[in-house]
Amino acid sequence: MNAINTGFGIWSPVVWTLLFLGVLGIGFWIWGAGRKDYKKNSDQTKPFLAGNEEPDPARLHVSGDHLYWGMTAGLRAYYDRIREWHTGVLSDYFAWFIGVLAVVFIVIGLLR
Amino acid sequence: MNALIFNAPVLLIAIPLLGAFAVPLIGRISVPLRRIFTGLIALLTTACAGLVAAHVFTSAAPITYVLGGMATLPLGMHFPIRIILEVDGMSAFMVILTALVLITAIFYSFPYWRRRSGGNMYEALFLLLGAGIFGMELTGDLFNFFVFLEITSIAACGLIGFRAWQGKSQEAAFKTMTLYTVSGLFVLLAIGLLYGEYDGLNIAYLAAHIGGSMVDKIALGLLLTALAMKAGAVPMHMWAPDAYGEAPAPIAAVLVANSQASLYGLFRVLFTLYGLTISVTALGWILITLALLTIFVGVTMALIQSDIKRLIAYGAVSQIGYMLLGVGVGLATSAGHQPFGLVAMQGGIFHMINDAACVGLLFLSAGAVIRAAGTRNLNRMGGLGHDLPWTAVFFMIGSFALAGIPPFNGFASKLMIYESTFRYSPILAVIAILGSILLLAVFVKVFQSAFLGPRLGAPAARPSGWMFAAMGTLAVVVIAFGLFPGFFVHTIVTPAAKALWMGRDAYIGAVMGG
Numbered sequence: 001m002n003a004i005n006t007g008f009g010i011w012s013p014v015v016w017t018l019l020f021l022g023v024l025g026i027g028f029w030i031w032g033a034g035r036k037d038y039k040k041n042s043d044q045t046k047p048f049l050a051g052n053e054e055p056d057p058a059r060l061h062v063s064g065d066h067l068y069w070g071m072t073a074g075l076r077a078y079y080d081r082i083r084e085w086h087t088g089v090l091s092d093y094f095a096w097f098i099g100v101l102a103v104v105f106i107v108i109g110l111l112r
Numbered sequence: 113m114n115a116l117i118f119n120a121p122v123l124l125i126a127i128p129l130l131g132a133f134a135v136p137l138i139g140r141i142s143v144p145l146r147r148i149f150t151g152l153i154a155l156l157t158t159a160c161a162g163l164v165a166a167h168v169f170t171s172a173a174p175i176t177y178v179l180g181g182m183a184t185l186p187l188g189m190h191f192p193i194r195i196i197l198e199v200d201g202m203s204a205f206m207v208i209l210t211a212l213v214l215i216t217a218i219f220y221s222f223p224y225w226r227r228r229s230g231g232n233m234y235e236a237l238f239l240l241l242g243a244g245i246f247g248m249e250l251t252g253d254l255f256n257f258f259v260f261l262e263i264t265s266i267a268a269c270g271l272i273g274f275r276a277w278q279g280k281s282q283e284a285a286f287k288t289m290t291l292y293t294v295s296g297l298f299v300l301l302a303i304g305l306l307y308g309e310y311d312g313l314n315i316a317y318l319a320a321h322i323g324g325s326m327v328d329k330i331a332l333g334l335l336l337t338a339l340a341m342k343a344g345a346v347p348m349h350m351w352a353p354d355a356y357g358e359a360p361a362p363i364a365a366v367l368v369a370n371s372q373a374s375l376y377g378l379f380r381v382l383f384t385l386y387g388l389t390i391s392v393t394a395l396g397w398i399l400i401t402l403a404l405l406t407i408f409v410g411v412t413m414a415l416i417q418s419d420i421k422r423l424i425a426y427g428a429v430s431q432i433g434y435m436l437l438g439v440g441v442g443l444a445t446s447a448g449h450q451p452f453g454l455v456a457m458q459g460g461i462f463h464m465i466n467d468a469a470c471v472g473l474l475f476l477s478a479g480a481v482i483r484a485a486g487t488r489n490l491n492r493m494g495g496l497g498h499d500l501p502w503t504a505v506f507f508m509i510g511s512f513a514l515a516g517i518p519p520f521n522g523f524a525s526k527l528m529i530y531e532s533t534f535r536y537s538p539i540l541a542v543i544a545i546l547g548s549i550l551l552l553a554v555f556v557k558v559f560q561s562a563f564l565g566p567r568l569g570a571p572a573a574r575p576s577g578w579m580f581a582a583m584g585t586l587a588v589v590v591i592a593f594g595l596f597p598g599f600f601v602h603t604i605v606t607p608a609a610k611a612l613w614m615g616r617d618a619y620i621g622a623v624m625g626g
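First to last, the sequence lines map onto chains A and B. All residue numbers for the first sequence refer to the numbering used here, where the first residue is 1 and numbers rise by one. All residue numbers for the second sequence refer to the numbering used here, where the first residue is 113 and numbers rise by one.
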C-alpha cells in the first residue's frame, strides 16, 4: 500500500527508510568504536589554529552570497542576460505576456 | 447528514464567503471573538472539503449541484441554464489541497499578525481568497470561473499589499493586480467568444459542442496564456517573486494554492473543455516547453537570490514547471492513451499537493526566521539553529522534500515524473533532474546562511504555539505523503488524473445526460 508504480519499477519508501536506518546504525557503530579517552571541553575538542589569534566567530560565518560564487561566475554570460530580463518594470512583464500570447496564437493557428 | 453531504459543495464556497463579510463586524465587538470565529469558519470549511472529497472519491461519476433547482437540464431544455457546480476527482483533489493550505495558514496567521493592526481586513480578505479558490475549483460554469478568478485576484492583491507602510509591498500588489486584471480580461474575452459561438457558458455543455473552429482556437490561446501567467509559468512569472516575496508569510503559502487553482483551470480547459478537438500533441509540447523554461529559469534565479522569501518564491516557480511537465506529457499522449502518460499525469498532479505542502512549510518557516532575525537578507543571518532548532528541522524537511530527496513526498512525485517523461523523451527527464539538483544546492545555501554558524546577535524569538503547530502539521503531511505515497496516489491522485485524462465523457454526461 505504501509503494508506487513509477512506470519503470516500484518505489517503496518504507523499505528505503529501513535500509537507510540500517546504514545509519552501522555508521554510529563505527563512530562508537572510536577512541573515548580524549578530554571533553578541553583544547583537544577545539579546532586547531596554528599560532594565529582566534577570530571573532561571527566573522567566520560563510553567508549566502559567498556560496556558489564560482558557479555563478562561471555562468556569468547566462546570468547577465537573465538578470537583464528581470527588470522589475511592469511594461516589460506585459511584453513577455504578449510575446507568449503571440507565439501560442501562431502555434495553435497552424494546428488543424 | 445526507443533506449536509448533498449541500457540501455550495457550503464550501458559501461558508468562507459569508464568513469574510461577517469577520469585520465581529471584529468591532471583540478581537479574540473574531479570531475564534475565523478559526471556526476555517474548521467548518475544512470539514466541508473533507465531505466533498469523500463523496466524490466514493462515487462512480462526477457529482453536480444545481443552484435554484434539482435537474441539470430543466424539463424540455437541451442546455443548462442554471448555475451548476460540478465536482469530479480533479476538483475534489484540488479542494483537499486548498483546505490543507488554508487551515494551516490561518492558524499560523493568528500569532503572526497579533501585534499588527488591520486584523479585521486581513482575516476577511483571507477568507474571501479561500472562497474564490474553492469557487474556481468547484464551478461547472465558465463565467462563474471568471467571477471566482476575479475574487481571488482582488483578495490576493489586497493581502500582498497589506503591509501598507512598506512601499515594496504596494509596488508588488500594484504589479500583480495589473497583470491579474489583464489576464482576467483575456479570460473574459475568451469566454465571450465561446458564448457568442455556442450560446452557453456551462463547461460540460461547451465541451459537448466545441468543434475546433478558428474562434475556438483564439479562445484557447487566450485561456492558455492567461491561466499559465497566473500560475507563474516562465517567462510570465515575474510577478510571482514580487508577490510571494512581499506578501506576509502565511499569505505567500496561500498564494501558492491560488496559483495552483489557475493551473487547475488550465488543465480543465485543455482536457475537459477542448479534449481531443485540437491536436493534443502540439498543445502538450506547448506545456512541456513552458515547463522546461520554468524549471530551469526558476531554479537558476533562485540560486542568486539573497532575500529568503524571493529565493523560496523562485523555487516555487520552478516547481510549477514539474507540474506542467508531467501533465504536458500526459496531454501529449492522451490521444494514444499510453500507460506512461497516465503515470506522468499522476506525477504532475501528485506534485501539486506535495508542492503546496512543502512550499507552504518553507514560507511558514521563513516567516518564523524573518521574525527572529529581523531581516530577510540571508547575508545578515546566521546561527538561528541555536535558538530555533525546530524551525530548522521544519525548514530542512521542506527543503529536502522540494528538492526531491527520499523519503519525502517531493521525491515520490518527481520520480513518477522523471521515469514517465524519460519514456517520452529522455532529455525532459535530464532537465528535470538537473533542476532538482540545483534546487538542493539552493536550499543548502539557505540552511547554511540562516541556521548554521555562530549566533550573530541576541538570542532569537521562538515561534509561538500556533505557528509551531501549523508548521508541524505541514511537516507531518510532507513526511506522511512521502512514506505512504501508494496510499495517497491510489486514493486521491489516480481519480484526479483519470478524471482529466479519460473522464471528459463522464464530466459532460453528468450535466448533459446520456
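We put the CB at the ideal spot given by N, CA and C, even for glycine.
Contact fails between the segment 301 to 313 of chain B and the segment 399 to 417 of chain B, because fewer than three Cβ pairs, one in each stretch, are under 8 Å apart.
In the three-state scheme derived from DSSP, where H, G and I count as helix and E and B as strand, residue 199(B) is classed as strand. Each of 241(B), 176(B), 497(B), 620(B) was checked against the Cα of residue 264(B), and the nearest Cα belongs to 241(B).
For the 7 Å CB-CB criterion, residue 464(B) and residue 372(B) form a contact.
Pairing residue 374(B) with residue 342(B) gives a Cβ-Cβ distance under 7 Å. In this structure, 259(B) is the residue among 259(B), 312(B), 324(B) with its C-alpha nearest to the C-alpha of residue 292(B). Judged by beta-carbon spacing, residue 610(B) lies beyond the 7 Å limit of residue 90(A), meaning their Cβ atoms are not closer than that value. If you check each beta-carbon in the segment 30 to 64 of chain A against every beta-carbon of chain B, the ones closer than 8 Å belong to 57, 58, 60, 61, 62, 63, 64. No Cβ-Cβ contact shorter than 7 Å links residue 352(B) with residue 276(B). A Cβ-Cβ contact shorter than 7 Å links residue 364(B) with residue 356(B). In the three-state reduction of the DSSP assignment, residue 62(A) falls in the coil class, being assigned neither a helical nor a strand state. Any Cβ of chain A closer than 7 Å to the Cβ of residue 566(B) would place that residue at the interface, and such an atom is present. Per DSSP, residue 78(A) lies in no beta strand (DSSP E); the unbroken alpha helix (DSSP H) holding it starts and ends at 76 to 85. Annotation note: the segment 290 to 360 of chain B contains the following uninterrupted alpha helix (DSSP H) runs of length 4 or greater, listed N- to C-terminal: 315 to 321, 326 to 343, 351 to 358. Taking 7 Å as the upper bound on Cβ-Cβ separation, chain A lies near residues 390, 391, 394, 398 of the segment 377 to 404 of chain B.
For residue 102(A), no Cβ of chain B is located within less than 7 Å of the residue's own Cβ. Residue 624(B) sits close to residue 316(B), with the two beta carbons spaced by under 7 Å. The C-beta of residue 432(B) has 16 or more other C-beta atoms within 10 Å across all chains shown, which makes the residue buried.
Listed in chain order, the non-local C-beta contacts of residue 325(B) below 8 Å within the same chain comprise 309, local neighbours out to five positions each way being set aside. At a C-beta separation below 9 Å, residue 491(B) has these neighbours in chain A: 63, 64, 65, 66. Apart from sequence neighbours up to five positions away, the residues of its chain that approach residue 367(B) with a beta-carbon distance below 7 Å are 268, 355, 356, 359, ordered along the chain.
A distance below 8 Å between beta-carbons, with the five flanking residues on each side excluded, links residue 495(B) to the following residues of its chain, in chain order: 563, 564, 565, 566, 567, 568. By the rule that beta-carbons nearer than 7 Å mark a contact, residue 4(A) touches chain B. Residue 461(B) is positioned such that its CB atom lies closer than 7 Å to that of residue 608(B).
Relative to residue 80(A), the option among 412(B), 270(B), 598(B) whose CA is nearest is 412(B). Taking 7 Å as the CB threshold, residue 337(B) lines the interface with chain A. Residue 142(B) is outside the set of residues whose beta carbon lies under 7 Å from a beta carbon in chain A.
By the neighbour-count criterion, in which 16 or more other beta carbons inside 10 Å mark a residue as buried, residue 557(B) falls on the buried side.
Closest by C-alpha distance to residue 529(B), out of 188(B), 512(B), 548(B), is 548(B).
Pairwise C-beta distances place the segment 594 to 603 of chain B out of contact with the segment 192 to 205 of chain B, as fewer than three of them are shorter than 8 Å. What residue 23(A) touches in chain B, judged by beta-carbon distance under 8 Å, is nothing: the nearest beta carbon there is about 13 Å away.
Beta-bridge partners assigned by DSSP to residue 11(A): 4(A). The C-beta separation of residue 402(B) from residue 346(B) comes to about 7 Å, placing the pair in contact by the 8 Å criterion. When 542(B), 350(B), 583(B) are compared, the shortest CA-CA separation from residue 87(A) is found for 350(B). Taking C-beta separations shorter than 6 Å and ignoring five residues to either side along the sequence, the partners of residue 235(B) in its chain run 135, 150, following chain order. Taken in chain order, the complete alpha helix (DSSP H) segments of 4 or more residues contained in the segment 548 to 574 of chain B number zero; there are none.
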